[in-house]
Each structure stands twice: as C-alpha cells, then as structure tokens.
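Beneath this line is the structure, given in structure tokens, with notes to follow.
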Amino acid sequence: MTPRLTRASAPPPVRAVHLGLGAFHRAHQAWYTAADPAWGIAAYTFRNTELPRLLTRQDGLFSLLVRDETRDRVETVGSIVRAHPGADTRQWLADVASPEVALITITVTEAAYTVPEPGADSAVSRLAAGLRERFHAGAAPITLVPCDNVADNGEVLRSLLRKVCQEPAFAEWVEHDVAVAGTVVDRITPATTKRDVRMVRELTGRHDPAAVVTEPFAEWQIAGTFPRSRPAWERAGAQVVGDIGTYQRRKLWLLNAAHSLLAYTGLVRGHATVDQAAGDPVLGGLIESWWDTAAAYLPLPPGEITSYRRRLRDRFTAPGIRHLLSQIAADGSHKIPARILPVLHRERARGRLPHSAVAGLAAWLDYLRERDVRDARAAELVRLARTAKPAQRVLVAIDPGLGDDRELLAAIDAELREVRAF
Ligand SMILES: NC(=O)c1ccc[n+]([C@@H]2O[C@H](COP(=O)([O-])OP(=O)(O)OC[C@H]3O[C@@H](n4cnc5c(N)ncnc54)[C@H](O)[C@@H]3O)[C@@H](O)[C@H]2O)c1
Ligand SMILES: O=P(O)(O)OC[C@@H](O)[C@@H](O)[C@H](O)[C@H](O)CO
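Per full-length UniProt numbering, the sequence shown starts with residue 1, numbered consecutively.
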C-alpha cells in the first residue's frame, strides 16, 4: 500500500480560521502561514465534504507540487490543523468565537460577494453568524482577510457586513472591533487533476489525493490592522502596505483581465489551456495590445510595467501549469466588470474603441451562446445572449452605464458575427 502523509510532531495551535477551502487557499494563505510555526488554521469548505475528509485522514497535511520549467518540487504544508465541511455549523461558530482565534481568511469566489437574501445560506451570512457568536461570547477583536480577486475586497466585505449585521450593539461591535484588511493575492493555481496526484506519487512515493499544483511565483500585499496579531507572513515574502489600490489595479487589469480575454478568445480558437492560448500568435498580439491600453492608466514607472508584463508572459506560457480556460471563463458576469470594464470606460471617455476589449467581449457573448456556461447569472445571461442584439442586452445587464454607448455595442455585435473567423 502507498504510504500517506502523517504528522511527526504536534500541530500548531489553531489561531486562524479559513472560509472557502479550495486549491488556492492551500497554495497561497496556507503556504504563507506555514512560514510561521506558531499559527495553525481551522479551514472550512463551503459545501464540499470530500476534501475535509481527505485532509483529516492525513492530519491536515497536503503536498504542494511547485512546477517550474526546469524542475518540479513537492513541499509538505502543515499549517492546516483541522479541515471541516462548511455544514459543520456548530464547529464553525465555536472556532470563530474562540478567544484564541485572531483572524479569518476568506476565498469564496467573486460571486459570493453579494448581500444574501434573508434567511439564505451564503458566505456572508456564515461570516455574520460567526461574528455574532463571537460578539455574544464577549470575545476580543478579530481581523477578516478577504483573498478573492475582487476590486477593493476589504471595503466590499465591510459594506456587506454593514448590511447584514444590523442589531445596534452588534453592529457597533462589528464596526469597531472587526477589522477588515484589503489584499491583493497572486499565485496561479489550477484545479488539481489525477495527473497531478500521480506526479506527486512519482516524486514522493506517497498517495496524496489532497495535493495542489502551483507555480513558483507568489505575491501577497496586505493593508489592514491586526489587533490580535497575525502570522509573520513576511517570512514567506508577503508585503504589508499602506495603500492597496495600485497593486489591485495592476493585478486585475494586467493579469486577470488578460486571463479572461485569453479564456474567451482561446475557447473560440479551439484552445483548452492558458499556455496554449498565450502561445497562439494571434492571441499573444491581442494581449500585448490590451496591456498597452491598460498600462496607460496605471501610475507606475514604465520599467515596472515592462518587467511585470515580461513575467506575466513567462507565467502564462509555463507548460507545466495546465490552467483550463473553462475554469477562468466561469462567472464572467462578476469578473468582467472588475477586470475589463474599468479600463474600457476610461478608453471610451477618450473616444477610443480598443479592439482587444471588443474582441474579448464578443468572445464572451459567443461563450454564453455556445458553451456549457458556469456563471451565477447563467440562465439570465444565456437567454439575453441569444437575442438579436446580444451586446446591448448582456452588457447592459452587467453594467447599465454601457447602455447609451451605441458605437461600442454595435462594434461588439459586429465582432460577434465574425468571431469564428477571429
Ligand atoms: N486559483 C487561483 O489561481 C487564484 C488566484 C488568486 C485568487 N484566487 C481567488 O480564490 C478563489 C477560489 O479559487 P480556488 O482555486 O480555490 O477555487 P476552488 O474551486 O478550488 O475553491 C473555491 C472555494 O470557494 C467556495 N465557494 C465557491 N462558490 C462559493 C459561493 N458562492 N459561496 C461561498 N463559497 C463558495 C468553494 O466551496 C471552495 O471552498 C477564486 O475565485 C479567486 O477569487 C484564486
Ligand atoms: O480564480 P478566479 O476564478 O478569480 O480567476 C481565474 C484566474 O484569472 C485567477 O485564478 C488567476 O490565476 C489568479 O488570480 C492568479 O493569481
């Protein structure tokens, strides 16, 4: 039988909680936290029950397969001490209320940053329930650390909490004793495949069904306060910064926007992964053109933009990271407004019509018409995309501010008619 991971010594004490245990949390926040052995994490999925079961069987340990061009290496990450299914409400409330716990990191996807319907189960309602428990337990302040690709993620989460935490004394406690950090997180981490699990077994001799594959590159900028302390994430290279805005725009407009453009145009051109799409000369040119456009709105020295772009080219074309375009294409209704539209609005205000954005949005409409769409608003958007004037109907549904821009909408509809020849 193939051996599995087990702890050789006592785990660190649980001082952090995570909501949204997926691949990215393991490759990023769990990996950064492992640099400080005084901190352990109790991690919760949203609905998944299988992953907590697998992690529990191996004492929370998992293999991180770090792939670069020249060699693959496997690190064993030990910061997750307990893994729970999200439905384990009693344990969730106890962990969030625990006086030992100082912070909650969060990766729940862009689509989860919405006000829940009254009585609905959502990431925000679970956070509010946990905080309410902590408030009634008379516990100390806490910091929330959202780590999703959401513009102004800290401010967005703060305003969602204001809407759901309304009982006067509780609301006041949330306002004063719950700090919400803003973050920019970066490490390309595709969903794990059976092939990755086999690779880990070849390299280590161990079977680890909870393994995660990632790239060597990792970045984390954090702006916020931690009244009850935090792990020494800087030991693994995290940067504590005063203002997160420029880092956020740099990442969303250069990396994530290019990812979304490659996802939709790449699928049209028959590609399956980012490295294939980025290696396609037509799409490579499209991305360079997008970067020229977006970079004009970033207040950064030209040399910094040049090296950021060079690194992105290398990261996108790294052959070991099989990042599926279909994974990135999901939830465009949440991603496009954060990644592409802020730059497009600025261009339109100057009377310009960047072809890279027009082509990317036309390819998104094609995706909505032709593919198995994964989007929180799929039913509505697929119906609108199949109408006679899809750009008008779909784009206005995600951004009413585009409704009067006839020139842009007509250009996207025209591009869509030609998209298969793109
Ligand atoms: N994978 C990456 O390269 C990467 C890099 C930077 C940031 N991120 C951020 O992390 C998020 C998660 O990425 P991942 O690779 O871990 O994905 P994943 O699919 O492996 O995990 C997603 C996690 O979010 C939970 N979730 C999904 N929809 C939810 C919802 N509506 N409400 C609450 N929870 C929900 C899932 O249950 C799961 O725990 C991304 O959406 C992104 O915002 C990912
Ligand atoms: O994870 P998502 O779904 O928000 O977006 C898909 C990718 O653009 C994203 O995961 C990037 O790989 C990541 O943001 C790199 O740090």
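Where a beta carbon is used, it is the ideal one built from N, C-alpha and C, also for glycine. Everything numeric in this text was worked out from a predicted model, so none of it was measured.
Beta carbon of residue i nearer than 7 Å to that of residue j
i	j	result
W31	A16	no
V185	G130	no
A83	A43	yes
T189	A211	no
L365	L286	no
residue 455	G20	Within the shown structure, residues of the chain are numbered from 1 to 422, placing residue 455 beyond reach of any answer.
N256	N149	yes
A151	A338	yes
V77	V14	no
C165	T105	no
A12	P52	According to the sequence provided, residue 12 is Pro. The question's Ala does not apply to it. Cβ atoms of P12 and P52: not closer than 7 Å.
Y247	G360	no
T273	L324	yes
L203	V101	no
L161	V145	no
G224	A179	yes
G332	D375	yes
R369	A385	yes
R206	P3	yes
I41	S79	yes
A236	A10	no
R228	A140	yes
T214	R195	no
Rounded C-alpha distance that separates residue i from residue j
i	j	result
I136	G182	Reading the sequence as shown, one finds His at residue 136 and not Ile. C-alpha separation (whole angstroms): 26 Å.
Q221	T143	15 Å
T70	L5	26 Å
A296	A238	27 Å
D177	A278	45 Å
F62	I412	45 Å
H355	L344	10 Å
L261	G245	22 Å
G401	I340	14 Å
K251	F217	14 Å
D292	G119	46 Å
S125	V200	37 Å
H18	L353	42 Å
G60	G284	40 Å
V268	V419	8 Å
R377	T89	27 Å
D208	A329	28 Å
R230	Q91	22 Å
R395	A258	According to the sequence as given, residue 395 is Leu; it is not Arg. Each residue's alpha carbon lies about 19 Å from the other.
S289	R310	14 Å
I336	A357	10 Å
S326	R350	33 Å
R346	L408	13 Å
A27	R383	37 Å
E304	A232	27 Å
D399	W253	17 Å
L54	N48	11 Å
T33	S307	28 Å
A397	Q58	46 Å
R198	R158	42 Å
P299	V241	16 Å
D405	E167	43 Å
D280	F46	37 Å
F24	E219	13 Å
G270	V282	13 Å
residue 455	D121	No information on residue 455 is available, as it lies outside the stretch 1 to 422 that the chain covers here.
Residue i Cβ short of 6 Å to ligand 4 heavy atom set
i	result
E304	Absence of ligand 4 is noted for the structure shown, with ligand 1 and ligand 2 being the only ligands found.
- Query: Around ligand 2, which residues pass a check of Cβ closer than 5 Å to any of its heavy atoms?
  - Reply: N149, D186, I188, N256, H259, I328
- Message: Measuring CB atoms only, is the stretch 356 to 372 touching the stretch 390 to 403, in the sense that at least three cross pairs come out at less than 8 Å?
- Response: yes
- Message: Three Cβ pairs or more, each shorter than 8 Å: is that satisfied between the stretch 307 to 323 and the stretch 50 to 68?
- Response: yes
- Query: Can you list the alpha helix (DSSP H) stretches of 4 or more residues lying completely in the UniProt domain "Mannitol dehydrogenase C-terminal" (243 to 382), in chain order?
  - Reply: Taken in chain order, the whole alpha helix (DSSP H) runs of length 4 or more contained in the UniProt domain "Mannitol dehydrogenase C-terminal" (243 to 382) are 245 to 250, 257 to 268, 274 to 278, 281 to 295, 302 to 317, 325 to 329, 332 to 339, 341 to 349, 355 to 370.
- Message: Ignoring anything shorter than 3 residues, give me the beta strand (DSSP E) runs that lie fully in the stretch 83 to 142, in order along the chain.
- Response: 103 to 106, all fully within the stretch 83 to 142.
- 4-residue-minimum alpha helix (DSSP H) runs that sit fully inside the stretch 4 to 68, ordered along the chain: 23 to 27, 29 to 33, 50 to 57
- Query: Fully enclosed by the stretch 131 to 199, which beta strand (DSSP E) runs are 3 residues long or longer?
  - Reply: 142 to 146, 178 to 180, 182 to 186
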